[in-house]
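Comments concern the structure below.
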Amino acid sequence: MTSGSDHWFDILVIGSGTAGSVLAARLSEDADVSVGLVEAGGAASDPRIAEPAQWPLLQGSAIDWAYRTIPQPHTANRVHEWARGKVIGGSTALNAMAHVRGHPADFDSWGCAGWGYADLMPYFLRSEHYTPGANAHHAVGGPLHLIRPTAPHPVTEAYMAAGTEIGIAPTDDHNGACMAGPTLNTLTIKDGKRQTIADAYLAPALGRPNLHLMAETQVLSLILDGTRCRGARLADRHGERVVTAGLSGYQFATGTSFAAPFVTATAALMLSRALRRSRSMDGPTIRQLLIESVRTHRREHHVQFRYHSTVLPDCRSFHHPAADEFQWNHRYQ
Ligand SMILES: Cc1cc2nc3c(=O)[nH]c(=O)nc-3n(C[C@H](O)[C@H](O)[C@H](O)COP(=O)(O)OP(=O)(O)OC[C@H]3O[C@@H](n4cnc5c(N)ncnc54)[C@H](O)[C@@H]3O)c2cc1C
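Dropping the structure here:
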């Protein structure tokens, strides 16, 4: 439905990354529900995106928001580059393609009914096509095409052997019975090419008349009615406009965990409404608690790579001319 230059959808999803692509694809399965999907980036047309070995080179490119941290007291006050995808497919267009669900104990420690690891397992299974074949931890037939590397680089094998040598017991699958321990990662690669979340979920859904993708369009702010989000103010190359969303109970869905503060704030609003049903705290208090919680509980892991083509003359995994003599210090979520 259109009114002037403004649009109205039943559901508005912001961001076409991991969360947004899945949300938009699944929600638009109901032909009676109109879904608007807003994405600041454009098509994943950079040929390096599809080529798995080139993933480290995408950071700092046009598809990276290229965030930077404030000086971090625990790393000698260094400022860290913090990559995030700005493209259809979000960070799955530039990430390392490792398919890691997360540690079961993390899900279980949240204490949220219905969100424990066992509760989520049916959804993990439904999402994947595990090419080695179905087993107790994996399924076939889902949109995510998962492979296990069959010819790892000798340095990778040596690295895993070193872990075992110092007493870290190997495991057979990071998404299996035991997450900890050296093993090869399962990867989201199909026919030798990266499979982004948009390839897996969004592209097959884009032909639906009730799903409307607004690419190269950035959400500037949210339109709030009390603690309820009613829409968003957007900007694209034609200018600014307002989009509203109105299906009762589902007006708004954010499709990113890491973006402008207003998106985090909206997630807090949504959660605060949910929490208020079960606790006797007022809205502002809950909202402040949630924002504080995101600020203090956010987790990050550190990865360090060093490439020297003289050391790895035939590195099949990561070698690229631009990576010669390339030392790289990198953080990602
Ligand atoms: C370099 C790198 C390597 C990684 N490697 C791995 C890995 O190997 N395995 C793994 O499991 N995870 C990895 N990750 C993390 C993983 O990719 C992310 O956790 C996941 O994609 C996050 O999903 P998301 O939906 O929250 O956000 P994203 O996938 O980042 O999607 C957010 C989307 O929202 C859009 N957006 C943001 N703000 C706005 C706005 N104002 N208006 C419109 N659109 C907006 C963005 O452009 C983006 O497309 C990696 C991440 C990075 C950066």
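In this note's numbering, the protein residues as written are 96 to 428.
We treat Cβ as the ideally placed atom computed from N, Cα and C, and that holds for glycine.
Values in this document were obtained by computation on a predicted structure and should not be read as measured data.
Regarding residue 179 and ligand 3, is the C-beta to nearest heavy atom distance less than 7 Å? Judged by which ligands are present, ligand 3 is missing from the structure shown, whose ligands are ligand 1.
Check whether the Cβ atoms of residue 327 and residue 317 sit closer than 8 Å, and answer yes or no. The answer is yes: Cβ separation under 8 Å.
Would residue 271 count as contacting chain D if we go by Cβ distances under 8 Å? Structure shown: chain D not included; a single protein chain is present.
Could you give the DSSP three-state label for residue 269: helix, strand or coil? coil
Reduced DSSP category for residue 123 - H, G, I as helix; E, B as strand; rest coil: Coil, per DSSP.
Applying the criterion that 16 or more other CB atoms from any shown protein chain within 10 Å of the CB defines a buried residue, is residue 126 buried or exposed? exposed
Could you tell me whether the region 167 to 180 touches the region 234 to 244, using the rule of 3 or more Cβ pairs below 8 Å? no
Closer than 7 Å: is that where the CB of residue 278 sits relative to any heavy atom of ligand 1? no
Is it right to say residue 238 is buried, meaning 16 or more other beta carbons lie within 10 angstroms of its own, or is it exposed? buried
If you compare alpha carbons, which of 258, 330 and 107 is closest to residue 279? 258
Just to check, is the beta-carbon of residue 89 closer than 7 Å to a non-hydrogen atom of ligand 1? Residue 89 lies beyond the range of the chain shown here (96 to 428); nothing can be said about it.
How is residue 194 classed by DSSP in three states: helix, strand or coil? coil
Tell me whether residue 187, by its Cβ, gets closer than 7 Å to a heavy atom of ligand 1. yes
Consider the C-beta atom of residue 154 and the heavy atoms of ligand 1; say whether any pair is separated by less than 7 Å. yes
Tell me, to the nearest whole angstrom, how far the beta carbon of residue 132 is from that of residue 148; I am working on the premise that it is less than 8 Å. Residue 132 to residue 148, Cβ: 30 Å. No contact.
Within the continuous alpha helix (DSSP H) that includes residue 258, where are the two ends? 249 to 260
Assign residue 214 to one of two classes, buried (16 or more other C-beta atoms within 10 Å of its C-beta) or exposed (fewer than that). exposed
Is the beta carbon of residue 295 within less than 7 Å of some heavy atom of ligand 1? no
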